[in-house]
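In the working numbering, the protein residues as written are 626 to 1245.
Input: a single structure, listed below in structure tokens.
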DNA sequence: TTAGGGTTAG
């Protein structure tokens, strides 16, 4: 008897409804109720319920459904079979999916598409491509669902060997007219962007009649992943002009570029526009916001976002751990790590980079050792070059050079340039010339065009008065055509960016800035500042050296800030290289003499100067 | 019944 007057058509309509409205649990419940009522499912019911199972990977229930299908005699229906392939593929059971696929009498394009997607999702790109080739040789129909999955394979196979094949598939799509489908062009833009072929990505994008938010996102993240963050921001603005509304995905992506560029104004605007849009926030948007705010030195705002999050994952916690460490709050950073573990979330490869970074900037050698050992022992994560570099940096800074060397010699993998640079930098701090020479020579071979080791070694010679050796290294550098990235500082005042090079006189208010510096230097000298000649690296007389130090880019910037910003307002300065020791000391004095908060973000971390003290505890 | 874009790292 049919209860409530429902027949199998009504039940099927309900199940399909739940399934289409992305309520897989509802669909499965409904299917159960239908069975409990004694009503048999048919070839229309099974595909819907199988889709729901695949959606939430309800594998065991799905196997029972498969049993019903066989018993009910629906196993030879092509719709049911393709739904089975899709369900098994989504549940990660590629073998079961393959068994169903191979038992089918007809070559059904939907089933083959599902199989290909399943392989791609599980990372079996070669199998996916093999299936695609087979479809081609069998002369099967290839449709607008097939292309995106296949192109996705080439997106993840970013090697030179697959370049030709990826272009052939693109040609096929053009010849067969499928390139005109938005999903296919989007997959093409994404594929080229992920293969770092931005000109091809841009060409496909440019040919699109109506690029949608996905097309824009693919292009924007292409620029982001290739380090072209400014261009990513420009594209985002163009997207807004063309009246495409940003969604969660593109918002998360652009905020990560804002974080990278530390453009707080832009990031805040993206944040408020997103709130105004009325879209619900997502985990990735919130994660990007936490990173953006901590990277811009706004711990409070990052905290607000963090506190508002109902769901947090390892990325959220890692962003916070890293953010606090960068802002000189290592103890809080480690506290968050403990909270993360207590909440049952496991750290990953990157979490440990953050942890070691935190330890490194607080001089917590023993604790770092414990974390480092726990990586392999507790979490079975193999330490990478970055982790070794952090440890060597940490040991070096705390004067344990021998332990640093020992760690380097016992590495499980061949040390790369990152690790040698950490050792070289440790030598710089502790004046270990011989070891520094060894590290620098290794680096000259590993990365001959990198200016950093030349500069470091030359500076080390200068600081010990070995001017001849310093000059020799500079000549060597010049003869090899290596050029140094010039140091500069910049600041944003009323949405305008002002940048300064060392001894820069190009600014329109140059005279005022230089007289302000003279005043600053005089006042801080009275307060006890003494120039640190270790950082004056020219073989000139003492007075000349001191003048050179006074005109470092960050000092020019702070003088400009004192002139332009009302008293009581913090002065925020960004620098592309690490702050020098002398400037660091000077900033402390300036913060106390002028009663100003100075926030200086260098290439490594934040320094918050207040009342003569820096948040880094002079350890950076 | 099948398809596309994302978040943490010196």
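Ideal Cβ positions, reconstructed from N, Cα and C, are used throughout, including at glycine.
Asked	Found
Sub-8 Å separation of residue 878 and residue 846 beta-carbons	yes
Continuous alpha helix (DSSP H) assignments of at least 4 residues falling wholly in the region 1177-1210	1178-1189
First and last residue of the uninterrupted alpha helix (DSSP H) at residue 1124	Where residue 1124 is concerned, there is no enclosing alpha helix (DSSP H), although the beta strand (DSSP E) it sits in stretches over 1121-1126.
Under the three-state DSSP convention, the category residue 1226 falls into	strand
Start-to-end residues for the beta strand (DSSP E) that takes in residue 1231	1231-1235
Exposed unless 16 or more other CB atoms sit within 10 angstroms - verdict on residue 1004	exposed
Outcome for residue 1073 when other beta-carbon atoms lying within 10 angstroms are tallied against a minimum of 16	exposed
Buried versus exposed, by CB contacts within 10 Å (16 or more), residue 1061	buried
First and last residue of the uninterrupted alpha helix (DSSP H) at residue 840	838-850
Residue 1220, buried or exposed, once every other Cβ within 10 Å from all chains shown has been counted against 16	exposed
CB of residue 1214 within 8 Å of CB of residue 1237, strictly	yes
In DSSP terms, what residue 1239 is bridged to	1234
Spatial distance of residue 900 from residue 1058 (CA atoms)	55 Å
Same chain, Cβ closer than 7 Å to residue 713, neighbours up to 5 away in sequence not counted	721, 722, 725
With 16 other Cβ atoms within 10 Å as the buried cut-off, status of residue 979	buried
Reduced DSSP category for residue 1113 - H, G, I as helix; E, B as strand; rest coil	strand
Assigned secondary structure, residue 1118 (DSSP; H/G/I helix, E/B strand, else coil)	strand
Residue range of the unbroken alpha helix (DSSP H) whose run includes residue 662	No alpha helix (DSSP H) contains residue 662, which DSSP labels as neither H nor E.
Proximity of residue 983 and residue 946 at Cβ, strictly below 8 Å	yes
Where residue 627 falls, given that 16 or more other Cβ within 10 Å makes a residue buried	With a pLDDT of 43 at residue 627, under the threshold of 50, the predicted position of this residue should be treated as unreliable, and no value is reported.
Short Cβ contact (8 Å threshold) for residue 883 with residue 833	no
Proximity of residue 710 and residue 739 at Cβ, strictly below 8 Å	yes
Element boundaries [alpha helix (DSSP H), containing residue 1078]	1076-1088
8 Å contact criterion, which residue 812 and residue 848 should meet: CB distance rounded	At roughly 18 Å, the Cβ-Cβ gap does not stay under 8 Å, so residue 812 and residue 848 are not in contact.
Whole alpha helix (DSSP H) elements within the region 713-744, 4-residue minimum	719-728
Distance between beta carbons of residue 1114 and residue 1198, contact taken as under 8 Å	5 Å
Alpha carbon of residue 1032 to alpha carbon of residue 960, nearest angstrom	27 Å
CB-CB length for residue 1123 against residue 1185, believed under 8 Å	6 Å
Whole alpha helix (DSSP H) elements within the region 893-966, 4-residue minimum	908-920, 924-933, 939-951
contact_flag[the region 962-982, the region 994-1012] where n(CB pairs < 8 Å) is 3 or more	yes
Beta-carbon proximity list for residue 1098, same chain, < 6 Å, skipping 5 on both sides	1079, 1082, 1083
Which of helix, strand or coil DSSP assigns to residue 806	coil
Cβ-Cβ distance between residue 1229 and residue 1112 below 8 Å	no
Closest by C-alpha distance to residue 698, when choosing among 1235, 665, 1109, 682	665
Rounded distance between the beta-carbons of residue 1187 and residue 1141, thought under 8 Å	6 Å
Test item: CB-CB of residue 952 and residue 1240 under 8 Å	yes
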